[in-house]
Amino acid sequence: MNASRIRPDAHPASMLAGRPEHSADSPLSVHAMTVAYQRKPVLWDVDYDAPRDALVAIVGPNGAGKSTFIRACLGLVPRVSGVVEFWGRPLREVRRRIGYVPQREAVDWDFPVSALDVVCMGRYARIGWMRPVSRADRDAGAACLDRVGLRGFEHRQISQLSGGQQQRVFLARALAQESDLYFMDEPFAGVDAATERAIVDVLRELRASGRTVICVHHDLQTVPRYFDAVMLMNMRVVASGPVGTVFTPENLQRTYGGRLTLLAEASEAVARAERG
Amino acid sequence: MNEGVYGFVSIDLPPLLAGTLACVTCAILGNYLVLRRMSLMGDAISHSVLPGLVIAFMLSGSRDPLPMFVGATIAGLFTVGLVELLRRYARVEPGAAMGVVFSVMFAMGVLLLERGAGRQVDLDADCVLNGVMETMIWFPPEEAGSLARWSTWVSLPRQVWTLGVVLLVVLAAVGMLFKELRIVAFDPGLATSQGFHAGLLNTLLMVLVACATVASFEAVGSILVIAMLICPAASARMLTDRLWVQVVLSVVLAAAAGITGYLLGAYAPTLLGLPAAVSASGMITVVAGVIMLLSVLFAPSHGTVARRFRRVRMSLRVAREDLLASLYRAEESGAAARAVASRPVDAIVLRRAIARGQVRLANGVPALTDRGRDVARGIVRSHRLWESYLVERGGLAPDHVHGTAMRLEHLTDSASGARFEPPQPDSPTDPHARPIPPR
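So this is what it looks like as structure tokens:
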């Protein structure tokens, strides 16, 4: 569906707009979402409303379900229960307004494509089924490579790029999507200082143009510098909100330290019981 | 039509066409299987269609091509689903899942053949492996000019027509869905999030593989099908870094293997004075294997020989630079240069340095020329800058950094070719109190 055809006034499909704890103009509203892998719950009862025009960090220990949260919002892993809405609408109506940057390790960098080919993949939804990538799309892709400082790398095969350059290709692909809401899975993982600066610059540009970016992030030190809001996660949402009020030592202690052993044990028990 | 031409058209043309069409069809799809590391799926499908064929025969009571084709395709898709289920629930690796499914299915097919349909149907294991290429004969009208008429070609053996139709379908699907298949193979998460459902496209790919496998294996046998799903695509991958070039190259290589393989199988033994032609599909498979071997060895940039060549050239450069640097250090300390050529490789290195005008021999002792001294200064400068960097910024002990700097001093920027230099250190000398030469 074309974004311009979405009527901003009425949300017939919205199930969450009426609820007091959710707002219909939030780019992402998650209500009571539970996700399981192989029947073992990894996320319990997540409630979340993303702020508009903000950079949001998802922070938590390994195995806390951060990537799973993103993938479940995007429908890439099935939800056991819960509702996810974007601007008060279900995913299928707003797919094109949502960009996704998976972890760099998620793809095979030996794949026979050039940097520009990968960036242009960000425009496939716009191009549509069975239509070729046009000259205009390739130009738009090249401009996105330029924005992340990779001009001149268009025709490099992707395995010939450094890790930081590969991450920037992914970022350029996200830009090429021209989305309003971005999910990024550890965009800063294993990148050099120049790439980290380039990524931060692009994130700030996105925010300045009214986009929301939700990043899984590992470096606690840079959270206050790079992000506006934070979501502390450990199998459930420990706390979420503006960095200034939520990113406190007590909340971090609750996220990383005091293990919710009961919840982890419950997961194991559920998995055992359901496996039979 | 003269007799020789008619003989060729009648006996050789149908299997030549069938073989080449099968090769090309499988090669196109093989590109996607190889890229997704699922090549064994073709192996699995081509073996497990046997029970499908037998059951279709038992149900329909005839060898009509349509029920056979449908039965085989259903069996192929059943295999794909079963492999996926096993992989997910039996906790085995994909290769093991495919292996167990196809061996059990094939065995079931053999048992069914023996019990139920064995006596009336001319399906046998040999046929499954090598196909029926040798039995494909075509009798077009003999008068001259008959080949210019469409109606003549309609009478080509059914296998050729089936393969032609499947090839057209595969070409159409891959042509129209080129970008969709590419994004799903590269990044299924992004593809699905953009509305190109990865599972759906994967299923479509598997349906195509099943159809291609069934159509091909009836004509050319499962051995050739398996080889063609892997060899041309893997060979083409060695030759290019662009997917569409790879697909086109794989088609060219597959057609070349099909045609040369068939002609070699049909005529080479006679030319060599041997009594009879050898199995055409066997020969095509061997040719495909040879093509793959050649491309693994001799591909211009990814080939083993080219890689080895680059490595040797690189180590010769490193050895030459080490020689220049040691001569520079000897000049610096005022000591006489030692005789450097102790190993045979040192003599080669010395000769190369002399040929480049970087070193000359004075009474048999090597000495730097002016040009050589400029290069050597750059190397020693890089070495000492690296040592300073490792000590000052890396916090390493001064006696630990020489070996690392020995390796890092040879680093050059891949784009400009200039020697890589760490930033200027705080102290004017290196950690061993030696001056850092100017650029």
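Which chain is which? The protein sequence lines are F and G, in order.
Reading the first sequence from the start, the letters are residues 0 to 275 in numbering that gives the first Met the number 0.
Reading the second sequence from the start, the letters are residues 0 to 438 in numbering that gives the first Met the number 0.
Quick reminder that beta carbons are idealized off the backbone N, C-alpha and C, glycines included.
As the structure is a prediction and not an experimental result, all values here were calculated from the model.
At least one beta carbon of chain F lies nearer than 7 Å to the beta carbon of D240 (chain G). The residue from G:T239, G:L395, G:A96, G:L271 with its alpha-carbon nearest to that of F297 (chain G) is G:T239. Taken in chain order, the unbroken stretches of alpha helix (DSSP H) that lie wholly in the region 317 to 375 of chain G and span 4 residues or more are 343 to 354. When the five nearest sequence neighbours on each side are left out, the beta carbons in the same chain lying within less than 8 Å of the beta carbon of E92 (chain G) are those of R86, in order along the chain.
Listed as beta-bridge partners of D184 (chain F) by DSSP are F:V215. With a beta-carbon spacing of about 5 Å, G140 (chain F) and L115 (chain F) fall inside the 8 Å limit used to define contacts.
For D412 (chain G), there are no C-beta contacts with chain F under 7 Å, since the nearest C-beta of that chain is about 12 Å from it. Taking a C-beta distance under 7 Å as the contact criterion, R78 (chain F) and V34 (chain F) qualify as a contact pair.
Every alpha helix (DSSP H) of 4 residues or more that sits fully in the region 120 to 189 of chain G is shown, in chain order, as 124 to 129, 149 to 153, 157 to 175, 177 to 185.
Between the alpha carbons of A238 (chain F) and F68 (chain F) lies a gap of roughly 15 Å. Within 8 Å of the CB of Q166 (chain F), no CB atom of chain G is found; the nearest one sits about 14 Å away. Non-local beta-carbon contacts of R203 (chain F) in its own chain, meaning distances under 8 Å to residues more than five positions away in sequence, involve L54 in chain order. In the displayed model, L42 (chain F) falls within a strand according to three-state DSSP. In the structure shown, H30 (chain F) adopts extended strand secondary structure according to DSSP, grouped into three states. For the alpha helix (DSSP H) assignment, the uninterrupted runs of no fewer than 4 residues enclosed by the region 84 to 135 of chain F are, from N- to C-terminal side, 90 to 93, 114 to 120, 123 to 126.
Chain F places a beta carbon closer than 7 Å to that of M175 (chain G), counting this residue as a contact. Under the 7 Å criterion on CB atoms, G257 (chain G) is classed as non-interfacial with respect to chain F. Contact between G70 (chain G) and I54 (chain G) holds, since their C-beta atoms are separated by about 6 Å, short of 8 Å. Contacts between L189 (chain G) and chain F, judged by CB atoms closer than 7 Å, involve Y99, P101, M120 in chain order. Distance from A56 (chain F) to F226 (chain F) at the Cβ level is roughly 4 Å; contact confirmed, criterion being Cβ atoms closer than 8 Å.
Excluding residues up to 5 positions away in sequence, L176, E179, L180, V183, A190 lie with their Cβ nearer than 8 Å to the Cβ of L200 (chain G) in the same chain. Distance from the CA of M227 (chain G) to the CA of I157 (chain F), rounded to the nearest whole angstrom, comes to 27 Å. Any Cβ of chain F closer than 7 Å to the Cβ of S154 (chain G) would place that residue at the interface, and such an atom is absent.
Contacts with chain F at 7 Å (Cβ-Cβ) include G194 (chain G). By the neighbour-count definition (other C-beta atoms within 10 Å, threshold 16), G356 (chain G) is an exposed residue. Among the bridge pairs identified by DSSP, S80 (chain F) is matched with F:T33.
Taking 7 Å as the threshold, the shortest C-beta distance from F185 (chain G) to chain F falls below it.
Nothing from the region 28 to 42 of chain F brings a Cβ to less than 7 Å from some Cβ of chain G. Taking every protein chain shown into account, the CB of P437 (chain G) has fewer than 16 other CB atoms within 10 angstroms, so this residue is exposed. Taken through DSSP and simplified to helix, strand or coil, A56 (chain F) comes out as strand.
Contact with chain F is found for I182 (chain G), since one of that chain's Cβ atoms lies less than 7 Å from the residue's Cβ.
Residues are counted here when their Cβ sits less than 7 Å from a Cβ of chain F; for the region 33 to 48 of chain G these are L34, given in chain order. When DSSP states are grouped into helix, strand and coil, M230 (chain F) belongs to the strand group. In the assembly as shown, N129 (chain G) is a buried residue. Its beta-carbon has 16 or more other beta-carbons within 10 Å.
Beyond the five residues adjoining it in sequence on each side, Y36 (chain F) comes within less than 8 Å, by CB distance, of T67, V76 in the same chain, given in chain order. For Q423 (chain G), no Cβ of chain F is located within less than 7 Å of the residue's own Cβ.
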